[in-house]
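See below for the structure under consideration.
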Amino acid sequence: MGQDEILRRRLCAVLKSLPWPVHGLGSQTELPARLAAGCIVAVQEPDLDLLALLQRLRQYDDRVRLILLTDDPDIANAVAALRQGVHDLIELPLVEREFHRRVRCAMLTINLMNSP
Amino acid sequence: MAESKAKVYIVDDDEAVRDSLSLLMESESIPSCCYESAQAFVDEFDGGKDGCLLLDVRMPGMSGLELLDWLHEHGAQLPIIFITGHGDVPMAVDAMKRGAVDFIQKPFNDKDVLQRVHEAMDSSEKTRASRARLDNWRQRLESLTPREREVMTHVVAGRPNKVIALDLAISQRTVEIHRARVMHKMRVRSIAELVRVAALLDR
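Read top to bottom, the protein sequences are chains F and V.
Under our numbering, the residue at position 87 of the first sequence is numbered 1293, and the numbers go up by one with no gaps.
Under our numbering, the residue at position 193 of the second sequence is numbered 272, and the numbers go up by one with no gaps.
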């Protein structure tokens, strides 16, 4: 999820090699009404209202994880985000292998399927 | 605020940091105890520590993160606040994902540290109290006879006395007596309370 279309497409392409379906979303308003389980990878943009997003995710099943991607790494903000309920936080630019590993870990914590 | 037994355990290889943190705790009348290494803390650990741990990440020998893992392996539920002068985002994320409650950078703001410590001490006290409550319920459950436990399982499942009597091949009157004993021994006033307690013990 992110407004930057080029980055979003790239993220989708990177995630397509994992065994789960991938959907690109421009913003929080495009989130589906219902989501049983899964992982939302959101790019931390100036417009992103993290608290509102976490509140929105709480309406879903508790098997929905949020991974935040940030290009403005700051320890205090990262810790605050994790304390608020973000499952993981990854710095941009992405290292593809590490990104795959973290998404797999998030998916495995919700017990969707075994490690492919 | 936490009970008097609770302390802030300060583990840092830098004596100046230990002194400054312990003075800070003293200024708020929070009891504290200092250790110069993670190993020194482990050597003294008896499982009965309450409060919170202010922990440096990088130390000679056992690191702060290794101590966090060690405490989890030993079932300790002390909230851990990391304080480091050499942290980065991946390290902070890793520590938080491993179960730390906070990650503060040096030089730290005294007010911030005190606020986090108070939060951690309160959460530690709540955990301790709920653990004590659960132990209490467990003891009461253990005081039931096997038959009373059987009847309790049926009662909690919402079965009427008549059905329980048929299932256990005993009289309805006997079920009523067992049921009354279960309520008395578990010290609950209603079936709803018994169901709630059973659910807690089942977790």
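We put the beta carbon where it would ideally sit given N, CA and C, even for glycine.
Small disclaimer: the values here were computed from a predicted structure and weren't measured.
- Per DSSP, residue 1300(F) lies in no alpha helix (DSSP H) and is assigned neither H nor E.
- Taking a cut-off of 8 angstroms for Cβ pairs, the region 82 to 91 of chain V and the region 1279 to 1287 of chain F do not touch, as fewer than three such pairs fall below it.
- Within the same chain, and ignoring the five residues on either side of residue 246(V) in sequence, the residues whose Cβ sits closer than 7 angstroms to its Cβ are 233.
- As DSSP reads the structure, residue 184(V) sits in a beta bridge with 163(V).
- Short of 6 angstroms from the beta carbon of residue 153(V), and not among the five residues preceding or following it, lies no beta carbon of its own chain.
- In terms of Cβ geometry, residue 1247(F) and residue 1275(F) form a close pair [threshold 8 angstroms].
- C-alpha of residue 136(V) to C-alpha of residue 121(V): approximately 15 angstroms in a straight line.
- The Cβ neighbour count for residue 1301(F), taken over all protein chains shown within 10 Å, is under 16; the residue is labelled exposed.
- The criterion of a C-beta distance shorter than 8 angstroms is satisfied by residue 161(V) and residue 143(V).
- At a cut-off of 8 angstroms, the C-beta of residue 236(V) has no neighbouring C-beta in chain F.
- Looking from the CA of residue 279(V), the closest CA among 173(V), 213(V), 105(V) and 193(V) belongs to 213(V).
- When CB distances to chain V are screened at a threshold of 9 angstroms, the residues of the region 1260 to 1280 of chain F falling below it are 1276, 1279 and 1280, in chain order.
- In the DSSP assignment, residue 253(V) falls outside any beta strand (DSSP E) and within the unbroken alpha helix (DSSP H) covering 251 to 265.
- A direct Cα-Cα distance of roughly 29 angstroms separates residue 1255(F) from residue 158(V).
- With respect to residue 173(V), residue 195(V) sits apart: the two C-beta atoms are not nearer than 8 angstroms.
- Taking C-alpha positions only, residue 263(V) is separated from residue 207(V) by approximately 26 angstroms.
- Neighbours of residue 1284(F) in chain V, taken as residues whose beta carbon is under 7 angstroms from its own, are 168, 171 and 172 in chain order.
- The C-beta separation of residue 97(V) from residue 89(V) comes to about 5 angstroms, placing the pair in contact by the 8 angstroms criterion.
- Interface flag for residue 120(V) against chain F is unset, since no Cβ pair is found closer than 8 angstroms.
- Non-local C-beta neighbours of residue 189(V) in its own chain, meaning closer than 7 angstroms and more than five positions away in sequence, comprise 103, ordered along the chain.
- With a cutoff of 8 angstroms on beta-carbon distance, residue 1221(F) and residue 1228(F) are scored as near each other.
- The distance from the Cβ of residue 1270(F) to that of residue 1243(F) is about 6 angstroms, consistent with a contact at the 8 angstroms cut-off.
- Here residue 1232(F) is near residue 1209(F), since their CB atoms are less than 8 angstroms apart.
- With respect to the 8 angstroms criterion, residue 230(V) and residue 192(V) are not classified as neighbours on the basis of their beta carbons.
- Per DSSP, residue 179(V) is not a residue of any beta strand (DSSP E), being assigned neither H nor E.
- The three-state reading of DSSP puts residue 86(V) in strand, counting E and B together.
- Bridge partners of residue 1294(F) according to DSSP: 1273(F).
- Residue 171(V) sits buried, since 16 or more C-beta atoms from the chains shown fall within 10 Å of its C-beta.
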